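J.: Quick note on our numbering: the sequence shown kicks off at 1150 and runs consecutively.
Think of the CB as a built atom: it goes at the ideal place given N, C-alpha and C, for glycine as much as any other residue.
Keep in mind it's a predicted model, so treat the numbers as computed, not measured.
Before I ask anything, here is the structure I am working with.
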Amino acid sequence: DGAVNHLRQGGYDSVFSACPEHFTGRWARSEDGSVSPLNFAPAQRPRRQERPLEYLENGSIYVFRPEILRTLGVRMGGRIGISLMPAERSHQIDAIEDLAFFDKLLAETTPVSSGEALPAPRLPHVSALKRIQLLALDFDGVLTDNRVWVDGEGRETVCCSRSDSWGIARLKEIGVQVAVISTESNPVVEARSRKLGIPCVSNAKDKVKALSALAASMGIDRGAIAFVGNDTNDREALCWVGMPVLVADANPALNPLAVWVVRQRGGQGAVREICDAIIKAKDPRVWPAMAGEAEQNEKR
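What follows is the structure in structure tokens.
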């Protein structure tokens, strides 16, 4: 769904799935058994992180307009776009040995239902966390514990975590944007966002459209966006962003879409956990001071 939306909204003729990849040295073997470099000069070999980011086609998704196939006889042509997928979801099964690897990978999570264990936490690589420029949050079930109190006149109140508030404030201090994207039209969503000092798009029937517009206004590529969701109305947004994240008690049907499943439940420190991890990855020098300040603040 995310790839199809990307083709339509981006005006592409064909789209394929790929994962971001820093430089990998490639060598060719000669008939005499010696090897020679294909894509670099050994005497001028920079660090991987200093090379331009490349994209590795992973073979998972191909979307193309019919006329491309009819006129060119191939799947990829015209204006070509990439549907980003994380490296963790870009493996392929091409040999019998791959099955054992995937058995272990799938065993890391367990289905969530009443009385059963939460899925095992998954944390993305530090390099992926460093790329995040915008943290977009669903509201209900992410910034709240998904419960609502209703008084006799129909007014609704929700429960949020001050720990999440502190994490958001610290994340903004290091230059990462934070926003709320919610299908809810309840005034409490906008009120809480104002208190946190972050932009809010409420009553968002199309979260991908809302995310795309917000990212464009900020000049941020979707590959640098992390979106945190918890239920099936977040599916398209999770597919669209570069870093799909789930709280621990999210709907288990979404689990295959997530790069990152956090340890905490929605409204109970999940957002704080995410903010802390991004801060640690982006600027480990400021982390000890921030952690100490946060501890003292929570004691007060």
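1. Could you tell me which of 1381, 1374, 1403, 1415 sits nearest to residue 1427, measuring between CA atoms?
2. Identify the continuous alpha helix (DSSP H) that holds residue 1385 and give its terminal residues.
3. For residue 1166, list the residues DSSP reports as bridge partners.
4. Using three-state DSSP, classify residue 1392 as helix, strand or coil.
5. If I follow the unbroken beta strand (DSSP E) through residue 1286, where does it start and stop?
6. Mind checking residue 1342: buried by the 16 CB within 10 Å criterion, or exposed?
7. Which class does residue 1251 belong to by DSSP, given the choice of helix, strand or coil?
8. Decide if residue 1398 is buried, meaning its Cβ has at least 16 other Cβ atoms within 10 Å, or exposed.
9. Need the endpoints of the alpha helix (DSSP H) that residue 1405 sits in, please.
10. What distance in whole Å lies between the Cβ atoms of residue 1169 and residue 1233, which are believed to be in contact at a cut-off of 8 Å?
11. CB residue 1415 to CB residue 1382, shorter than 8 Å?
12. With a cut-off of 8 Å, do at least 3 Cβ pairs link the stretch 1240-1254 to the stretch 1215-1231?
13. According to DSSP, simplified to helix, strand and coil, what is residue 1371?
14. In this structure, how does DSSP classify residue 1325 when only helix, strand and coil are distinguished?
15. Measure the CB-CB distance between residue 1288 and residue 1338 and report whether it falls below 8 Å.
16. Taking C-beta to C-beta, are residue 1407 and residue 1394 nearer than 8 Å?
17. For the stretch 1342-1353 against the stretch 1323-1331, do three or more pairs of beta-carbon atoms, one drawn from each stretch, fall closer than 8 Å, so that the two count as touching?
18. Take residue 1167 as the anchor and find which of 1229, 1298, 1303, 1363 has the nearest alpha-carbon.
19. Using the Cα positions of residue 1286 and residue 1366, report the straight-line distance between them to the nearest angstrom.
20. Identify whether residue 1154 lies in helix, strand or coil by the three-state DSSP scheme.
21. Taking the alpha carbon of residue 1290 as the point to measure from, which residue in 1433, 1417, 1150, 1432 has its own alpha carbon closest?
T.: Judging by the given coordinates:
1. Of the candidates 1381, 1374, 1403, 1415, the one whose C-alpha sits nearest the C-alpha of residue 1427 is 1374.
2. It spans 1384-1389 - the alpha helix (DSSP H) in which residue 1385 sits, taken as one unbroken run.
3. Per DSSP, 1232.
4. Here residue 1392 sits in strand by DSSP.
5. Looking at the DSSP string, the run of the beta strand (DSSP E) that includes residue 1286 is 1283-1286.
6. Buried: at least 16 other Cβ atoms inside 10 Å.
7. Helix.
8. With 16 or more Cβ atoms within 10 Å of its Cβ, residue 1398 is classed as buried.
9. From DSSP, residue 1405 is part of no alpha helix (DSSP H); its letter is neither H nor E.
10. Confirmed, about 7 Å.
11. The beta carbons of residue 1415 and residue 1382 sit no closer together than 8 Å.
12. The answer is no - the stretch 1215-1231 does not touch the stretch 1240-1254, with fewer than three Cβ pairs under 8 Å.
13. Helix.
14. Of the three classes helix, strand and coil, the one that applies to residue 1325 here is coil, per DSSP.
15. Yes; because the gap between Cβ atoms is below 8 Å, this pair is in contact.
16. Taking 8 Å as the Cβ cut-off, residue 1407 and residue 1394 qualify as a contacting pair.
17. The answer is yes - the stretch 1323-1331 touches the stretch 1342-1353, with three or more Cβ pairs under 8 Å.
18. Comparing alpha carbon positions, the residue from 1229, 1298, 1303, 1363 closest to residue 1167 is 1229.
19. Distance from the CA atom of residue 1286 to the CA atom of residue 1366, rounded to whole angstroms, is 17 Å.
20. Reduced to three states, the DSSP call for residue 1154 is helix.
21. Closest in alpha carbon position to residue 1290, among 1433, 1417, 1150, 1432, is 1417.
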